[in-house]
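Participant: Here's a structure for you.
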Amino acid sequence: MNKNALAFCLLASLSVAGCSLNHSNTNESTRLSSQETQSQASDLGVPAKQGELRVAVFNAYLNRKNAGDILADVQSGDDTQIKKVAEIIQRVRPEVLLLAEFDYVANGSAVRALLKNYLNVSQNGVKGIDYPYFYLAESNTGIVTEFDLNNDGKAGVGGGDAYGFGVFPGQYAMVLLSQYPIITDEVRTFQKFLWKDMPNATLPVNPETGEAWYNEEELEIFRLSSKSHWDVPVKVGDEVIHVLASHPTPPVFDGKEDRNGLRNHDEIRFWWDYVNPNASDYIYDDKGQKGGLGNNKRFVIMGDLNASPDEGNGTGNPMSKLFASEYINGKLAPVSVGGVENAPNNQFAATHTADWKMRADYVIPSTFGIQVEQTAVFWPSKSDANYHLVGPGLQSSDHRLVWSDFTLIKQ
């Protein structure tokens, strides 16, 4: 990174809890966003909104060890961790928010309890926030198949033989919260899309035998998405923005066959194909509708993607490929001073979004119809009054909330 620009950015971050750098060349050509030059920190510890829409993603660590535990915690109203998650959201005040790792409760009761008992309620003197609309759907996590997917000699046993790792159905799921109407009838989900149906899929090979890791029978049922992939259209005034949400598997917890790394690559690649009218004909959704997003549509790719364009254990650098798409604007990388403090000797620390020292969480808009006004990671410095929300240790989540302000351009 350009040291002068980074130093200025971090100085600004001490008061505004983040800024953004041009990701197109973080080593040489650094461009500060409008946040440093125009924004001032609000009383909430984050910059006031610029543009017409603030969107955010937050892996909020609202997963629990047992089915039903999250419902009990959100109904109680007195869980310390959830209170801190809620306060972070209240301070950033996104109008559209994707929460990752929120255990799935089919009837929506856990979401409603989270809203009623935490988000609507003032936390630490911060004004409550409401989301009249939310989207919730089943996750592949914890749905155990009859097959031995991890090749440990035991079929249909535990999370390793599930469509996505989890110890019960719906663990590590996600929910989209919105202050704007969700066009429910036009939502598309891709939970059941088969990995083998992606052209040139990077399917794993058993390094000991040279044969396919998954046999033909397993490939006939094996789903690409470890949780799900969603296309959720949100009506913002007269315009529509498509939230493209997912939470790919971490590219670790496997062996030399790299089945999770390869799957992570293709889960991310799915969005590259989906927004490209010339690459999406093969895609089908859970209702059987074929094709991708189509031409001239506003979208934002959101999620804990478990991959970095710069470092980590990812296979094939899917994030760099995603950013290279002509349909995707990945130029601005949100940063924070907290990330630098967490890994002072790491050249990419400013862009980290997780306390385990990597950029993993993203809010990535389309090049069509969206202007990015500012973007940041909520990661206060140790000297900040809000540091208690993120440390020391695990106070709210091992991830940090990432947000962006957009103006929707009429085209």
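Going by the working numbering, the residue at position 244 of the sequence shown is 925; the numbering climbs one at a time, nothing skipped. The beta carbon of each residue, even a glycine, is placed where N, CA and C say it ideally should be.
(1) Let me know if F1029 comes out buried or exposed under the rule of 16 or more other beta-carbons within 10 Å of its beta-carbon.
(2) Within the segment 787-866, note down every full alpha helix (DSSP H) run reaching 4 residues or more, in order along the chain.
(3) What is the residue span of the alpha helix (DSSP H) that Q756 lies within?
(4) Are S961 and D954 closer than 8 Å when you measure CB to CB?
(5) Please name the residue or residues paired with N703 in a DSSP beta bridge.
(6) For the alpha helix (DSSP H) that V868 lies in, which residues bound it at each end?
(7) Using a Cβ-Cβ cutoff of less than 8 Å, which residues in the same chain neighbour D811 once the five nearest sequence positions on both sides are dropped?
(8) To the nearest angstrom, how far is it from the Cα of K730 to the Cα of V1053?
(9) Tell me which same chain residues have a C-beta within less than 8 Å of the C-beta of S1006, skipping the five on either side of it?
(10) Where do the ends of the beta strand (DSSP E) carrying E1054 lie?
(11) So A854 packs on K908, CB below 8 Å; how close in whole Å?
(12) Quick one: Cα of H1069 to Cα of G839, how far?
(13) Would you mind stating whether V886 and W894 have Cβ atoms separated by less than 8 Å?
(14) Mark A926 as exposed unless 16 or more other C-beta atoms lie within 10 angstroms of its C-beta, in which case mark it buried.
(15) Buried or exposed: A753, going by 16 or more other Cβ atoms within 10 Å of its Cβ?
(16) Buried or exposed: where does S790 fall if 16 or more other Cβ atoms within 10 Å of its Cβ makes it buried?
(17) Using alpha carbons as the reference points, say which of I770, N788 and V786 lies closest to G809.
(18) Near H946, what residues of its chain come up, given a Cβ to Cβ distance below 6 Å and the 5 sequence neighbours on each side ignored?
(19) Mind checking whether V738 and G984 have CB atoms under 8 Å apart?
(20) Count the other C-beta atoms from every protein chain shown that fall within 10 angstroms of the C-beta of I864, then say buried if there are 16 or more, exposed otherwise.
(21) One question on the structure: do V915 and V924 come within less than 8 Å of each other, judged by their Cβ atoms?
(22) Should S714 be labelled buried (16 or more other beta-carbon atoms within 10 Å of its own) or exposed?
(23) Do you know offhand how far L1003's Cα is from I949's?
(24) In three-state DSSP terms, what is R1040?
(25) In whole angstroms, what separates the C-alpha of S1017 from that of L702?
(26) Just the C-alpha distance for V1063 and E901, rounded to the nearest angstrom, thanks.
(27) Using the three-state DSSP reduction, which class does A960 fall into: helix, strand or coil?
(28) Can the beta-carbon of R869 be found closer than 8 Å to that of Q970?
(29) Using three-state DSSP, classify V917 as helix, strand or coil.
(30) Going by the beta-carbon positions, is the gap between I982 and I1045 smaller than 8 Å?
(31) Sort out for me which residues DSSP pairs N740 with in a bridge.
Facilitator: Judging by the given coordinates:
(1) For the purposes of this step, residue 1029 is taken as residue 348 along the sequence shown, with counting starting at 1. Buried.
(2) 790-795
(3) By one-based count along the sequence shown, residue 756 stands at place 75. Start and end: D750 to S757.
(4) Walking along the sequence shown from the start, residue 961 turns up at place 280. Walking along the sequence shown from the start, residue 954 turns up at place 273. Contact: yes.
(5) The residue labelled residue 703 in the question sits at position 22 within the sequence shown. Answer is L1013.
(6) Stepping through the sequence shown from its first residue, residue 868 is reached at position 187. Counting along the chain, V868 falls outside any alpha helix (DSSP H), and DSSP gives it neither H nor E.
(7) Counted from its first residue, the sequence shown places residue 811 at position 130. Only L796, L800, N801 and Q860 meet the Cβ criterion.
(8) Within the sequence shown, residue 730 is the residue found at index 49, counting from 1. Within the sequence shown, residue 1053 is the residue found at index 372, counting from 1. Between K730 and V1053, the C-alpha separation is close to 12 Å.
(9) The residue given as residue 1006 occupies position 325 in the sequence shown. Result list for S1006: W953, V956 and N957, in chain order.
(10) As a first step, residue 1054 must be located in the sequence shown, where it is residue number 373. Segment I1051 to V1058, the beta strand (DSSP E) holding E1054.
(11) Counting from 1 along the sequence shown, the entry for residue 854 is found at position 173. Counting from 1 along the sequence shown, the entry for residue 908 is found at position 227. The Cβ separation is near 6 Å, so the contact holds.
(12) As a first step, residue 1069 must be located in the sequence shown, where it is residue number 388. As a first step, residue 839 must be located in the sequence shown, where it is residue number 158. Distance between the alpha carbons of H1069 and G839 is about 36 Å.
(13) Start at 1 with the first residue of the sequence shown, and residue 886 comes out as number 205. Start at 1 with the first residue of the sequence shown, and residue 894 comes out as number 213. Yes. Within cutoff.
(14) Along the sequence shown, read from residue 1 onward, the residue named residue 926 stands at position 245. It counts as buried.
(15) For the purposes of this step, residue 753 is taken as residue 72 along the sequence shown, with counting starting at 1. Exposed, because fewer than 16 other Cβ atoms sit within 10 Å of the Cβ of A753.
(16) Locating residue 790 in the sequence shown gives position 109, counting from the first residue. So S790 ends up on the exposed side.
(17) In the sequence shown, counting from the first residue as 1, residue 809 sits at position 128. Checking every option, the nearest Cα to that of G809 belongs to I770.
(18) As a position in the sequence shown, residue 946 is number 265, starting the count at 1. Contacts found: T883, T996, G997 and P999.
(19) For the purposes of this step, residue 738 is identified with residue 57 of the sequence shown, where counting begins at 1. For the purposes of this step, residue 984 is identified with residue 303 of the sequence shown, where counting begins at 1. Yes, Cβ-Cβ distance for V738 and G984 is below 8 Å.
(20) Indexing the sequence shown from 1 puts residue 864 at position 183. So I864 counts as exposed.
(21) Working through the sequence shown from its first residue, we reach residue 915 at position 234. Working through the sequence shown from its first residue, we reach residue 924 at position 243. For V915 and V924, yes; Cβs fall inside 8 Å.
(22) Taking the first residue of the sequence shown as 1, we reach residue 714 at position 33. In this prediction, S714 has a pLDDT of 35, which is less than 50 and means its spatial position is unreliable; nothing more can be read from the coordinates.
(23) As a working mapping, residue 1003 is identified with position 322 in the sequence shown. As a working mapping, residue 949 is identified with position 268 in the sequence shown. Approximately 8 Å between the Cα atoms of the pair.
(24) Mapped onto the sequence shown, residue 1040 falls at position 359. The answer is coil: DSSP assigns R1040 none of H, G, I, E or B.
(25) Taking the sequence shown and counting its residues from 1, the one referred to as residue 1017 is at position 336. Taking the sequence shown and counting its residues from 1, the one referred to as residue 702 is at position 21. Roughly 10 Å between the two C-alpha positions.
(26) Taking the first residue of the sequence shown as position 1, residue 1063 is located at position 382. Taking the first residue of the sequence shown as position 1, residue 901 is located at position 220. Val is not the amino acid found at residue 1063; the sequence shown has Lys there. Cα-Cα distance, rounded: 51 Å.
(27) By 1-based counting over the sequence shown, the position of residue 960 is 279. Note: A960 maps to coil in three-state DSSP.
(28) Counted from its first residue, the sequence shown places residue 869 at position 188. Counted from its first residue, the sequence shown places residue 970 at position 289. Contact flag set, yes.
(29) By 1-based counting over the sequence shown, the position of residue 917 is 236. Here V917 sits in strand by DSSP.
(30) Along the sequence shown, read from residue 1 onward, the residue named residue 982 stands at position 301. Along the sequence shown, read from residue 1 onward, the residue named residue 1045 stands at position 364. Yes, Cβ-Cβ distance for I982 and I1045 is below 8 Å.
(31) What you label residue 740 is simply residue 59 of the sequence shown in a count that begins at 1. For N740, which the question treats as bridged, DSSP gives the partners A781.
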